[in-house]
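Here's the structure we're looking at; comments come further down.
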Ligand code: FER
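In our numbering, the protein residues as written are 1328 to 1574.
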């Protein structure tokens, strides 16, 4: 299934709870940088939500998974425009009651930013190991562990997997102020983060979680960026938080 975003086709997966209720809430789920909607941790979160009566809408973002666009051309602005289109699509579905959002890493950051824009429509959010430090490190002249002059942005940055990322990614990231988005979104937030994360340091979630008005931080002890050790603890945290919201 595809969701149109101004002529860009976004590959998406809509999954309803097994008993196929007439009406139910829906949670949008967004993958991370270089990721996609069929990753193990994304599917696990989706299946957990389906098991407690919540439909899910997993969408591949611009330049990722089976969506249109080239990886090297993706920016946070494009992802945010994508998420606005995904929310509009979710709102157009007759069976949907309340809408929630979850996102992993760069998808977690994108969800934090989009939730501020859609604060009247999104009932709660779950940023998982959110890469919320990207804008500030981009301003200081660092991305993907590579250092550069923040006033003379390189044409290209090489990603972990050897793929190139254009400088526009950095130009966009430098303009974003996560603190403003955090202040704007005053509804419930669950942040989940492994304290041995090799890609996004856990300490950022300690800091950002304190800035939200209503945020719970669940720490996954010893776990890494994609929860290779305790994915069950991640899905338990998601389940418990969502059951609280549904009460
Ligand atoms: C970075 C650190 C983490 C970065 C991106 C990420 C583009 C995103 C990780 C993810 O989404 O899994 O420096 O720069």
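We put the beta carbon where it would ideally sit given N, CA and C, even for glycine.
- When the Cα atoms are used, residue 1492 and residue 1552 turn out to be separated by approximately 21 Å.
- Closest by C-alpha distance to residue 1357, out of 1410, 1401, 1341, is 1410.
- With fewer than 16 other CB atoms across the displayed protein chains lying within 10 angstroms of its CB, residue 1473 is exposed.
- The Cβ neighbour count for residue 1346, taken over all protein chains shown within 10 Å, is under 16; the residue is labelled exposed.
- As the crow flies, the alpha-carbon of residue 1382 is around 11 Å from that of residue 1349.
- Here the distance from the Cβ of residue 1520 to the nearest heavy atom of the ligand FER is not below 7 Å.
- For residue 1464, the shortest separation between its Cβ and any heavy atom of the ligand FER lies below 7 Å.
- Note that the C-beta distance between residue 1424 and residue 1496 is not below 8 Å.
- Pairing residue 1406 with residue 1389, the inter-Cα distance amounts to about 6 Å.
- Note on geometry: alpha-carbon atoms of residue 1550 and residue 1500 lie some 27 Å from one another.
- The three-state secondary structure of residue 1408, taken from DSSP, is helix.
- The closest CA to that of residue 1334, considering only 1368, 1394, 1352, 1530, is found on 1394.
- Contact check for residue 1517 against residue 1545 passes: the beta carbons are separated by less than 8 Å.
- Straight-line spacing of the CA atoms in residue 1419 and residue 1543 works out to 30 Å.
- Counting only runs of 3 or more residues that sit fully inside the segment 1473-1543, the beta strand (DSSP E) segments are 1483-1485, 1491-1493, 1516-1521, in chain order.
- In this chain, the alpha helix (DSSP H) harbouring residue 1562 covers 1558-1573.
- Contact annotation: the segment 1475-1490 does not touch the segment 1452-1462, with fewer than three C-beta pairs closer than 8 Å.
- Residue pairing from DSSP places residue 1330 in a beta bridge opposite 1337.
- Bounds of any beta strand (DSSP E) do not take in residue 1460, whose DSSP letter is neither H nor E.
- Note: residue 1427 is bridge-paired with 1354 in the DSSP secondary-structure output.
- DSSP places residue 1471 outside both helix and strand once states are collapsed to three, so it counts as coil.
- Pairing residue 1374 with residue 1569, the inter-Cα distance amounts to about 13 Å.
- Relative to the ligand FER, residue 1403 has its C-beta separated by 7 Å or more from all heavy atoms.
- At a Cβ-Cβ threshold of 8 Å, residue 1567 and residue 1538 do not count as neighbours.
- Residue 1452 sits in a strand when the DSSP states are folded into three classes.
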